[in-house]
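Here is the structure we will look at.
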Amino acid sequence: MPDTANLEIGDDKYSLEIITGTEQEKAIDVSRLRKQSKHVTFDDGYGNTGSCESAITFIDGDKGILRYRGYDIVELAEKSTFLESAYLLLYGVLPSRSDLEAFKQLVGGYCDLPEEVVQVVHAQPKNAHPMAVLSSGLQALGGVYPQFCTNDRKKDLEAFDQSAALIISSVRSIAAAHYRHVNGQALPKADSDRSYCGNFLSMMFAQGDGGEEVP
Numbered sequence: 066m067p068d069t070a071n072l073e074i075g076d077d078k079y080s081l082e083i084i085t086g087t088e089q090e091k092a093i094d095v096s097r098l099r100k101q102s103k104h105v106t107f108d109d110g111y112g113n114t115g116s117c118e119s120a121i122t123f124i125d126g127d128k129g130i131l132r133y134r135g136y137d138i139v140e141l142a143e144k145s146t147f148l149e150s151a152y153l154l155l156y157g158v159l160p161s162r163s164d165l166e167a168f169k170q171l172v173g174g175y176c177d178l179p180e181e182v183v184q185v186v187h188a189q190p191k192n193a194h195p196m197a198v199l200s201s202g203l204q205a206l207g208g209v210y211p212q213f214c215t216n217d218r219k220k221d222l223e224a225f226d227q228s229a230a231l232i233i234s235s236v237r238s239i240a241a242a243h244y245r246h247v248n249g250q251a252l253p254k255a256d257s258d259r260s261y262c263g264n265f266l267s268m269m270f271a272q273g274d275g276g277e278e279v280p
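In this note's numbering, the protein residues as written are 66 to 280.
Take a look at the structure:
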């Protein structure tokens with residue numbers, strides 16, 4: 066029998082389920098209150114309202130807590146690579162060696178931006194906000210890879226691994242393409258031998274077009 070909270074509105078009484086979160090915090094479920102009572106709750110700024118259930122992150126800013134899938138962000142920053150943490154967020158567990166290698170290969174396959182996306186990035190004013198450029202670049206990917214955004218939930222879920230790898234890889238490439246464009250430099254080819262972050266730094270700062278040594 067779930068725990069409940071009782072709410073009285075005039076002569077009417079309502080039983081509201083109490084749910085327990087990943088960190089044992091308690092919440093009163095009011096999702097059916099409007100249908101039952103014709104009333105809504107008011108929480109200015111939603112400071113006391115949870116918008117959804119999530120197994121991905123837990124945040125308590127007052128206590129300085131941020132966890133991904135139960136792991137403290139400091140521990141991940143110290144002991145895991147970027148792609149290991151990304152895999153954890155996507156799939157709920159840290160990858161084995163073989164899983165990580167397969168994930169690296171999948172993400173690495175989308176290192177180089179399609180020319181259509183590069184053109185979209187270069188079409189932005191050099192003083193455009195980076196987030197606006199990133200948004201435009203990601204939107205352009207949908208045109209280049211229509212098979213990943215069919216609006217058919219079954220098909221799109223089947224392509225989830227590819228779509229996730231595409232976005233993870235392209236975000237760094239779009240950022241680098243914009244940075245190089247602003248500075249009047251061509252975007253060098255990605256280097257499959259480098260790590261995810263190493264590739265990003267190389268695309269951002271390598272001298273010349275061929276991805277030579279990063280200063």
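Glycine is no exception: its CB is placed at the ideal position from the N, C-alpha and C atoms.
All figures in this text were calculated on a predicted structure; none of them were measured in a lab.
I'd like to know whether the C-beta atoms of A120 and G86 end up nearer to each other than 8 Å.
No, Cβ-Cβ distance for A120 and G86 is not below 8 Å.
In the DSSP assignment, find the unbroken beta strand (DSSP E) run with F213 in it and report its ends.
Careful: F213 lies outside any beta strand (DSSP E) and carries neither H nor E.
Cβ shell of R162 (< 6 Å), same chain only, five flanking positions each side left out
none
Please classify M268: is it buried, with 16 or more other beta-carbons within 10 angstroms of its beta-carbon, or exposed?
buried
So, using beta-carbon positions, are F213 and D221 closer together than 8 Å?
yes
Start and end residues, alpha helix (DSSP H) containing K220:
R218 to E223
What residues in its chain sit with their C-beta under 6 Å from that of C176, if we drop five residues either side in the sequence?
S234 and A255
Stretch pair the segment 188-195 + the segment 120-136: three plus CB contacts closer than 8 Å:
no
The segment 201-210 in contact with the segment 137-148 per 3-pair CB rule at 8 Å:
no
Please return the same chain residues whose Cβ sits closer than 8 Å to the Cβ of I83, not counting the five positions on each side in sequence.
Contacts found: P67, D68, T69, A70, K91, A92, I93 and D94.
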